Amino acid sequence: MSELDINLPSTRQTQGSIKDKIEVSIKLLNGDTFVGRIVWQDPDCLFFTDANDLKTLIYRQAIAYIQYP
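Numbering (our numbering), first residue to last: 16 to 84.
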């Protein structure tokens, strides 16, 4: 497992959305879309929760893009 590089702009953007509890939209490579908040991140995964408090662990390799407001 590699270290989370906090100097990368993408990591800082994600950390900002976690800190500020900003709702994002995550589109996966298979076409699924999740709308909610990222709770935490590590080098391999994002932990995500939606408005219904459904918790989902999303592997970074599966993400097509993340939309921030």
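All residues carry an ideal CB built from backbone N, CA and C; glycine is no exception. Keep in mind that this is a model prediction, so the values were computed, not measured.
First through last residue of the alpha helix (DSSP H) which encompasses residue i
i     : result
Ile33 : 24-35
Per-residue burial, residue i [other beta carbons within 10 Å of its own, 16 or more giving buried]
i     : result
Ile21 : exposed
Gln76 : exposed
Limits of the beta strand (DSSP E) - the one that residue i falls within
i     : result
Leu72 : 70-74
Leu44 : Per DSSP, Leu44 belongs to no beta strand (DSSP E) and is neither H nor E.
Closest Cα partner of residue i within the set the options
i     : options                    : result
Ile81 : Asn67, Thr48, Leu72        : Thr48
Ile78 : Lys36, Val50, Leu69, Lys42 : Lys42
Same chain, Cβ closer than 7 angstroms to residue i, five either side skipped, listed in chain order
i     : result
Ser32 : Val39, Ile53, Tyr83
Val50 : Glu38, Ser40, Asp65
Cβ-based neighbour list, residue i, same chain, cut-off 6 angstroms, excluding 5 preceding and 5 following
i     : result
Ile73 : Leu61, Phe63
Proximity test, Cβ basis, 8 angstroms: residue i and chain B
i     : result
Gly31 : Judged by its chain identifiers, the structure shown contains no chain B, having just a single protein chain.
Own chain partners of residue i with C-beta closer than 8 angstroms, once the 5 adjacent residues on each side are dropped
i     : result
Glu18 : Pro58
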